[in-house]
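*Asks:* Quick one: structure below, then a few questions.
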Amino acid sequence: MRLRSTVAAAFGALALIVAVPSSASAATGEFSYTYSGLDGSPQVAFLFDPPSGECITLPEVADPGSSNPAHTPWNHTDATATVFSGVDCEGEYFSLRPFGGHASSRLKLRSVIFS
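So the sequence shown is numbered by this note's numbering: it starts at 67 and just counts up by one.
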């Protein structure tokens, strides 16, 4: 009788593990930043519901040899956004609080990760 209960409990635990989705979580909301367009005019870009725990190199400023870094980030997500001065989340960093954390045009960034 005890063996039957143990087997049933193990089978139930295995079924629960298989049934629970293992999708990556995402920060809910939007993150915006300003960058210089091809003609030099300021452009605003957005990341909507960005993935959490994954470094995102901003595509408009991914090549330091041909673009200026982005600036003026606004974090309107529900997660902390840590912005980096270099691509691939390298270099100097600064954290922006959830729900409205922002910085001025003096803060330069090329990548971001959400907690």
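Beta carbons are placed, not taken as given, at the ideal position from N, Cα and C, and that holds for glycine.
Based on Cα-Cα distance, which residue from Asp129, Tyr101, Ala92, Pro108 lies nearest to Phe114?
*Replies:* With distances taken between Cα atoms, Phe114 lies closest to Ala92.
*Asks:* Taking C-beta to C-beta, are Leu173 and Pro130 nearer than 9 Å?
*Replies:* no
*Asks:* Since Thr146 is in the beta strand (DSSP E), which residue starts that stretch and which ends it?
*Replies:* Element bounds for Thr146: n/a, residue is neither H nor E.
*Asks:* In its own chain, which residues sit with a C-beta less than 6 Å from the C-beta of Glu96, not counting the 5 before and 5 after it?
*Replies:* For Glu96, where only same-chain residues beyond five positions count, the Cβ hits under 6 Å are Phe112, Phe114, His142.
*Asks:* Please report how far the alpha carbon of Asp154 lies from the alpha carbon of Cys121, in whole angstroms.
*Replies:* 6 Å
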